[in-house]
Amino acid sequence: MKVLVAIKRVIDPYVKIRVKSDGSGVETNNVKMAMNPFCEIAVEEAVRLKEAGYADEIIVLSAGETSCQEQLRTALALGADRAIHIDTESHLEPLTVAKLLRAVMKQEQPSLVLLGKQSIDSDNNQVAQMLAALTQCSQGTFASMLSIEGDGVTVTREVDGGLETLKLTLPAIISTDLRLNEPRYASLPNIMKAKKKSMQVITPDELGVGISHHQQILAITPPPQRQAGMRIGSVAELVDKLKNEAKVI
Amino acid sequence: MATLIIAEHNNQVVAQDTLKAIQAGLSIDSTVTVLIVGKNCRFVADELSQVKGVDNVLLADEPVYEYQLAENVAELIVEIAAHYSHILAAATTFGKNLMPRVAALLDVGQLSDVIEIQSPDTVIRPIYAGNALAQVKSEDSIKVITIRSAAFDAAQAGDSQAEILELNKVIPSDLSEFVSRQTPESERPELAAARVVVSGGRGLGSKEGFAMVETLADKLGGAIGASRAAVDAGFVSNDLQVGQTGKIVAPELYIAIGISGAIQHLAGMKDSKVIVAINSDPDAPIFQIADYGLVGDLFELVPELIKSLD
Chain R
1 MKVLVAIKRV
11 IDPYVKIRVK
21 SDGSGVETNN
31 VKMAMNPFCE
41 IAVEEAVRLK
51 EAGYADEIIV
61 LSAGETSCQE
71 QLRTALALGA
81 DRAIHIDTES
91 HLEPLTVAKL
101 LRAVMKQEQP
111 SLVLLGKQSI
121 DSDNNQVAQM
131 LAALTQCSQG
141 TFASMLSIEG
151 DGVTVTREVD
161 GGLETLKLTL
171 PAIISTDLRL
181 NEPRYASLPN
191 IMKAKKKSMQ
201 VITPDELGVG
211 ISHHQQILAI
221 TPPPQRQAGM
231 RIGSVAELVD
241 KLKNEAKVI
Chain H
1001 MATLIIAEHN
1011 NQVVAQDTLK
1021 AIQAGLSIDS
1031 TVTVLIVGKN
1041 CRFVADELSQ
1051 VKGVDNVLLA
1061 DEPVYEYQLA
1071 ENVAELIVEI
1081 AAHYSHILAA
1091 ATTFGKNLMP
1101 RVAALLDVGQ
1111 LSDVIEIQSP
1121 DTVIRPIYAG
1131 NALAQVKSED
1141 SIKVITIRSA
1151 AFDAAQAGDS
1161 QAEILELNKV
1171 IPSDLSEFVS
1181 RQTPESERPE
1191 LAAARVVVSG
1201 GRGLGSKEGF
1211 AMVETLADKL
1221 GGAIGASRAA
1231 VDAGFVSNDL
1241 QVGQTGKIVA
1251 PELYIAIGIS
1261 GAIQHLAGMK
1271 DSKVIVAINS
1281 DPDAPIFQIA
1291 DYGLVGDLFE
1301 LVPELIKSLD
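Going down the list, the sequences are from chains R and H.
86 is the number that the working numbering gives to position 86 of the first sequence; each next residue is one higher, with no gaps.
Just so we're on the same page, the working numbering is the position in the second sequence counted from 1, plus 1000.
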């Protein structure tokens, strides 16, 4: 079967971000970028499905500026077969991303679409669910385990209070949680090979998707700063502070 | 304006988060409608009908809704959505799973994990693991919103009882099927709603080491939490993880034991009222936000702390 994986280029998770002083956004110039960690897990899962003989082809897709081809190359080096870059400089809201993905799904007819559960920049946690709605597919969000069984996929989901297992009809849209797997590193020979793999560039217009805006970001501000408190010398002093100063115990 | 709250429950008990979503809804309008979808969940409807500010309860009580699967529940919500300007749920795994599906079916955007409602169309939500706040204005006719529970108080019981209206609409679930659920039993308070949270990290070294966290939490009547490192090392189950990818908590007292304080962890607890850090590394980033910091060997300090609370 064919697996489609959607990935996003984001600021590297270990970078301490800086909010621009004019409130227009977060500084991205000269900031290290990376593949969103949840997307790495989605790529890894697709590669494992191929290694296990379930997937025949892995298509990796990203929407955004030309620079997101870097992350697509990374995914190709990790084992994806070909890449699709949806080239646009517009700001993309989750609903638009879902519509772009729906258009690609129509062309490619994948049995499984894997996405990260959320991007660590906008923290929306929406695209997979929206794509499932638009395509009338089943959804398995926050997956920590999945197995292909016949014409379906069994997904264990991380839910508040524990785990939940569902059986989904294919085609299914799955979003990955951190514990689904541990992503591999790309080897140098694979990075070299990835340069020869196909990178199809397509515009939203060519896919017939208009870019709509449903929300307006009025301002981005730093959160209120929490001041460091005091160092305490002993357990007795701590208990005293908690009882008499903070009055929380 | 009319606001619809999607209730979360296990067919018997209302989730505390729903009361917070109701309170958030009341900041948009003076009354709200609550929708309960499930099987044999009449009791939940009775309970929610007595909450202050709830003037209407819609009940969809059918076997097909037993496990509240997103596929058919989203369709059901869309059936009645046209009557509302706002549709809210708590940003729990239930709300996060369901609401974007509802939004997309309505062809509107969603405002996720909102911490403040400034006006009926403008909200504040954290981005970049809470390292920035975005003020966002929705231009949609129906606003689909998930609420960060830790940022709102719970709605209280009122003195009147709202009318319960049954929705006789059965939408079968053909796309997905519930198989099983694993829920670790716990006597402790629910993590997201606890007044005190004691969390442990990699520094505890083992599952046995983590037992100190449990003992301390029990002494304080608190819930236990964990960092991702502690979950990955198998000390505790993943539903106790606090952070960007786990639960967001804001208790009165948060005690972090053997947790360095990575950005992703801080995203889940930095709005706690009082933060205590106990760590052997004096340079751990957790000390930059802790109100009270204690540097030293956990295996000496924590048992001493437990003992001094007797």
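Where a beta carbon is used, it is the ideal one built from N, C-alpha and C, also for glycine.
Going by DSSP, name the residue or residues bridged to residue i.
i	result
R:M33	R:I11
H:Q1135	R:A219 and H:I1124
R:S130	Position check: residue 130 of chain R holds Met in this sequence, whereas Ser was assumed. In DSSP, R:M130 forms no bridge with anything.
R:M230	H:Y1292
R:Y185	Looking at the DSSP assignment, R:Y185 forms no beta bridge with any residue, so it has no partner.
R:G116	R:T176
H:K1143	H:H1086
H:A1157	H:V1051
R:A6	R:L61
H:R1148	Answer by DSSP bridge pairing: none, since H:R1148 is not bridged.
H:Y1254	H:V1197 and H:I1275
H:S1176	R:L168
H:R1181	R:E164
R:D240	Bridge partners of R:D240: none, in fact.
So, using beta-carbon positions, are residue i and residue j closer together than 7 Å?
i	j	result
R:I17	H:Y1128	yes
H:E1062	H:V1170	yes
H:L1204	H:A1226	no
R:E65	R:E45	no
H:I1248	H:A1155	no
R:R73	R:A194	yes
H:A1267	H:L1167	no
R:L78	R:V43	yes
H:V1037	H:T1003	no
R:I86	R:I202	yes
R:R179	R:S144	yes
H:G1296	H:A1277	no
R:L242	R:I249	yes
Tell me, to the nearest whole angstrom, how far the beta carbon of residue i is from that of residue j; I am working on the premise that it is less than 8 Å.
i	j	result
R:K2	R:E108	6 Å
H:A1337	H:A1021	Limits of chain H in this structure are 1001 at one end and 1310 at the other, which puts residue 1337 of chain H out of reach.
R:K197	R:L61	R:K197 to R:L61, Cβ: 13 Å. No contact.
R:L218	H:Q1135	4 Å
R:L168	H:S1173	Going by Cβ atoms, the distance from R:L168 to H:S1173 rounds to 11 Å, so no, they are not a contact pair.
H:V1102	H:V1078	6 Å
H:S1049	H:I1164	6 Å
H:L1253	R:V235	So it is not a contact: roughly 15 Å between Cβ atoms.
H:I1286	H:I1259	6 Å
H:G1109	R:Q215	5 Å
H:I1224	H:R1202	Actually they do not touch by this definition, with Cβ atoms about 15 Å apart.
In the DSSP assignment, find the unbroken beta strand (DSSP E) run with residue i in it and report its ends.
i	result
R:S144	S138 to E149
H:L1069	Where H:L1069 is concerned, there is no enclosing beta strand (DSSP E), given that its DSSP letter is neither H nor E.
H:A1226	A1223 to A1226
H:A1277	V1274 to N1279
H:D1113	Q1110 to V1114
R:A83	R82 to D87
H:I1005	T1003 to I1006
R:V155	G152 to V159
Where residue i and residue j are concerned, what is the direct C-alpha to C-alpha distance, given to the nearest angstrom?
i	j	result
H:G1200	R:D121	26 Å
R:V113	R:Y54	14 Å
R:A228	H:D1291	6 Å
H:T1300	H:M1212	A small fix is needed here, since residue 1300 of chain H is Glu in this sequence, not Thr. Their Cα atoms are separated by approximately 11 Å.
H:K1143	R:N124	15 Å
H:G1221	H:A1192	14 Å
H:D1121	H:L1098	21 Å
H:F1043	R:I41	41 Å
H:D1055	H:K1039	22 Å
H:V1064	H:N1072	8 Å
H:G1261	H:V1274	15 Å
H:A1070	H:G1025	22 Å
R:P6	R:L146	It should be pointed out that residue 6 of chain R corresponds to Ala in this sequence rather than to Pro. Cα to Cα, the separation comes out at about 17 Å.
H:A1132	H:D1283	24 Å
R:F38	H:A1104	22 Å
R:K20	R:P222	9 Å
At which residues does the alpha helix (DSSP H) containing residue i begin and terminate?
i	result
H:L1098	T1093 to L1105
H:R1042	R1042 to L1048
H:H1265	I1263 to L1266
H:G1209	K1207 to L1220
H:Q1023	Q1016 to L1026
R:M105	P94 to E108
H:S1260	Element bounds for H:S1260: n/a, residue is neither H nor E.
R:R73	Q69 to L78
R:E206	P204 to L207
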